[in-house]
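-19 is the number of the first residue of the first sequence in our numbering; add one for each residue after it.
C-beta: ideal position from N, C-alpha, C; glycine also.
If you're wondering where the values come from, they're calculated on a predicted model, not measured in any experiment.
Remarks on the structure that follows.
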Amino acid sequence: MIDFKKYIAEKISENIESAQNINKYIEVPPNDDMGDYAFPCFQLAKVLKKAPQIIANELKENLKTDNIITKIDVQGGYLNFYINKEILAEEVIKEIYNNEKYGFSKKGEGKNIIIDYSHPNIAKPFHIGHLRSTVIGQALYNIYEYQGYNVKGLNYLGDYGTQFGKMIEGYKRWGSEYDIEEKPIEKLTEIYVRINNLCKEDEKVLDECRNNFKKLEDGDEYCVELWKKFRDLSLKEFQKIYDILGGRFDSWEGEAFIAPKAREVIEILEKNGALVKSEGAKIVDLESKGINTPCIIEKSNGSTTYASRDLAAILYRARTYDFDKALYITSYEQNLHFKQVFEVAKLLGLDEKYTNGLEHVSFGMILLPTGKMSTREGNTIKLEELLEESIQRAETIIETKNPDLENKKEVAKKVGIGAIIFNDLSNNRVKDEIFNWESILNFQGETGPYIQYTYVRTNSILEKIEQLPDVSKIDFSLMTDKYSQDIIKLIYNFENILEQVTDKNEPSILSRYLIDLSKAYSTFYNENKIIVDDENIKNSRVYLTLAVNKVLKIGANLLGIQMPDKM
RNA sequence: GCAUCUAUAGCUCAGUAGGAUAGAGCGCUCCCCUCCUAAGGGAGAGGUCACAGGUUCGAUUCCUGUUAGGUGCACCA
C-alpha cells in the first residue's frame, strides 16, 4: 500500500533544504475538513526566520497537487493535505482482498523473542491475579509472531521452595483422606492450608517440612515422585485454563529446573569480584547504579534466592534461545526485583545483545474493593469461577435475545470468555483494576461482546451474498463518503497499530482500535442499507463489510479472543 | 524515610512520543426496529486535564516542586 505520510514528507523535503525528519512532524488533523494529513510549519519558523503562515503559503505555491494529493491548503501555520479518497479506498480494499494475512509483516524476521508469562504456582489455584499475565503475554505472543518474530512462550512455573516440603509432609500425613485425582488443586490446597496451620502450632512439623524440601533437592525417590505427581496433576488442570484463554507455551521449565543452575551465577559473580559478604549473605551492591537496595544472591544458609535463580534463567535462556528480546510479564510489585536482576545480569559476562534485550513488562493489580487479595485470607476470586459465571451470563442473554441459535453453549463460551479477556486488555497495563462483577461481566458498550456483535453482523451480510463480485468491478468512488472513509482509514492503519503494540508492549492499543473500528462500522451500518438493488452500491458496501469482517477477526484473534459466527 | 508508579466528565478510562475546538463507554434525559441481528445507532447534559512554577511560537503531554493515593525496600517467591 502507498505510504501517504512518507509520500507527503518526500514532497515537502524536495522544497526545503534545511528540513529533516519531515515524516516525524506530519500529523493527522483533528477534523475531517482540515484534510487527511497536516504539516505544522511552526518549528521551521525559527530556522527560516519567517512567520509560519508565510512558510506554509510558500510551500503551498511550490507543491503541486497530483493524482494522490488532490488539494493542499493553508490554515493558520498548518499546511493541510487532502489525499485522493478513491485511491485510498482502492489501495486498502485490494490489499485486504489479496492478502489473507492482512497486517502481517516481516519486521521481526530473524529475531528471537522470549516471553515469560503466566507462571502459576504448582498445587495452588489459578486465581485472577494470574489472569492478566496470561492474557497480556499471550496477546503479545500472537502479535509479535504476526510481525515475523520467532517467539517462544515460557511458563516459569512456581514449582520450588519449602512450600513443597510442606505439601509432601501434608500428603504423607493425610493423603489417603483426600481424593486428589478428582479435584487436584482444590484438594491439594486444602492439604496445604491444613499443614500450614499445623506448622504454626508445632515447630517440629515445620522442621520436617524443611527437611522434606532438602530431600527433594537431593533427589530422594519418594519426595521427587510426589513432587512430580503434584506437578503433573496441576499442569493438567492449568492446561484446561490455557485451552480456554489461549496461553501458548513452548517451555514449562520452572524454578526447580533452573535452581541447580544458580551455582554458576554465584561462581561467575564471585570470580568477577561482584559479590560482597553482608550479614552472612552474599550480595551485589547496586548503590552506584542508583539502586539502594542490594541484590541478595546467596542466603546466609547457602541456598539460592529468587534473584539468583532469575539470573540463572537469563544465562540458560541466552544460551538456549539466543534471544534478542526477553519479556517478563508480571505485576509492578516486582519492579525493584527486575531492576536489580537486570543490573546484575550485566555482570555475568554476557553479550550486550542479551542484557539490552531484557525488559520487564509490568502491569497493575486486580484489587478488591477492600484491598489486596490474599490466598491466606481466602478472599481471592478463582479464575475458574469467574469464567464460569461469565459463560453463564452470556448464555442467559442468548436465551432471551436469540433463543433459536445453534450451538448456544459454544457461543456463550466465546462471548463470556471474550468479555473477560477484552476487559483485561482494554486498559493501559499500569492501571490497577478494582474487581467488580458487574463491570467485568458487562456486555454492553466498549466490551468484547460489542466487537463480536459487530463481527457477527458483518457475517450475516456476507452470508446473504451468494458470490462476491470481482474486485476489479468495484467502483471505488462510492467509498468516498464520510462513513466509508472513516472505516477505510482505520483499516489502512491496522499494521501501524500492531507496530505500536509491540513497540510499547501494550495490547490495549489494539483493543481500543477494534472498538474504534466496530464503532465506525456500526455507524455506517445504521446509516446505510448494505444489500440494495443498485449493484454498484451494493458491491462497494459489501466489500467494505468484508474488510471490516476480516480485520475484526484477525485483530480479536491476536488478542486471544475467539469470534462466534452468530450470536 | 528512600525508591517508583499514578492523578483527565459523577464512575471507568482514551488522548496518536509538544500542536488546531480535550474524546469514548457506563450512568442520567430524550429519539430511532413494516428495513441485512437494538449485545446496535443518534441527540443532550456533564471539564480549573490534582496544584504551583519553569522550558517555547505553542504544554493535558516535557522539567522541577507540592499534595493525594498505589506499590516496593535483605535472606518469601
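In the structure shown, glutamate 181 adopts helical secondary structure according to DSSP, grouped into three states. In the displayed model, cysteine 203 falls within a helix according to three-state DSSP.
Listed as beta-bridge partners of glycine 428 by DSSP are no residues whatsoever. Its chain contains Leu249, Ala254, Val264, Leu266, Cys275, Ile277, Ala287 and Leu291 as the residues whose beta carbon lies nearer than 8 angstroms to that of valine 324, once the 5 sequence neighbours on both sides are disregarded; these appear in chain order. If the five residues before and after asparagine 176 are omitted, its C-beta is found closer than 8 angstroms to the C-beta atoms of Lys146, all from its own chain and listed in chain order. Out of Gly540, Val531, Lys546 and Tyr433, the CA that lies nearest to the CA of isoleucine 224 is found in Gly540. The DSSP assignment places 17 to 20, 49 to 55 and 58 to 63 as complete runs of the beta strand (DSSP E) inside the segment 15 to 84, in order along the chain (cut-off: 3 residues). Segment contact: the segment 422 to 439 against the segment 489 to 503, three or more CB-CB distances shorter than 8 angstroms; contact assigned.
For serine 113, the closest alpha carbon among the candidates Leu134, Tyr126, Asp513 and Ile102 is that of Leu134. A distance below 8 angstroms between beta-carbons, with the five flanking residues on each side excluded, links leucine 347 to the following residues of its chain, in chain order: Met353, Asp412, Glu413, Ile414 and Phe415.
Between the C-alpha atoms of valine 512 and isoleucine 454 there is a straight-line separation of about 15 angstroms.
Along the length of the segment 252 to 306, whole alpha helix (DSSP H) runs at least 4 residues long occupy 286 to 301, reported in chain order. Between asparagine 47 and isoleucine 116, the alpha-carbon positions lie close to 43 angstroms from each other. With the rule of 3 Cβ pairs closer than 8 angstroms, the segment 315 to 323 does not count as touching the segment 100 to 114.
In the three-state reduction of the DSSP assignment, isoleucine 93 falls in the strand class, which pools E and B. Secondary structure of asparagine 506 (DSSP, three-state): helix. In this structure, the beta-carbon distance from alanine 374 to leucine 338 does not fall below 8 angstroms. From the listed residues Lys208, Lys167 and Tyr222, the smallest Cα separation to leucine 363 is found for Tyr222.
Between the segment 34 to 48 and the segment 79 to 92, the count of Cβ pairs shorter than 8 angstroms is below three; the stretches do not touch.
The way I'd put it, the segment 59 to 76 doesn't touch the segment 98 to 111; fewer than three beta-carbon pairs between them come closer than 8 angstroms.
DSSP places phenylalanine 237 in the uninterrupted alpha helix (DSSP H) bounded by 235 to 238. Residues of the same chain with a CB within less than 7 angstroms of the CB of alanine 31, apart from the 5 flanking positions on each side, are Ala25 in chain order. For glycine 535, the secondary structure class from DSSP, reduced to helix, strand or coil, is helix. For the pair phenylalanine 343 and histidine 317, the Cα-to-Cα distance works out to about 14 angstroms.
Phenylalanine 343 is bridged by DSSP to Ser311. Judged by DSSP secondary structure, lysine 152 falls within the alpha helix (DSSP H) whose first and last residues are 142 to 154. Comparing C-alpha distances from glutamate 170 to each of Glu157, Glu181, Lys180 and Asp182 shows the shortest one belongs to Glu157. The three-state reading of DSSP puts isoleucine 414 in strand, counting E and B together. A direct Cα-Cα distance of roughly 34 angstroms separates glutamate 515 from leucine 490. Counted as a single uninterrupted DSSP element, the beta strand (DSSP E) harbouring valine 131 occupies residues 130 to 134. For histidine 110, the enclosing alpha helix (DSSP H) begins and ends at 108 to 126.
Boundaries of the alpha helix (DSSP H) around leucine 478: 474 to 484.
Taking the Cα positions, tryptophan 154 is about 12 angstroms away from valine 173. When only Cα atoms are considered, serine 283 and asparagine 529 end up about 56 angstroms apart. Assignment of lysine 216 by DSSP, reduced to helix, strand and coil, places it in the helix class. The C-alpha of aspartate 483 is placed about 25 angstroms away from the C-alpha of aspartate 16.
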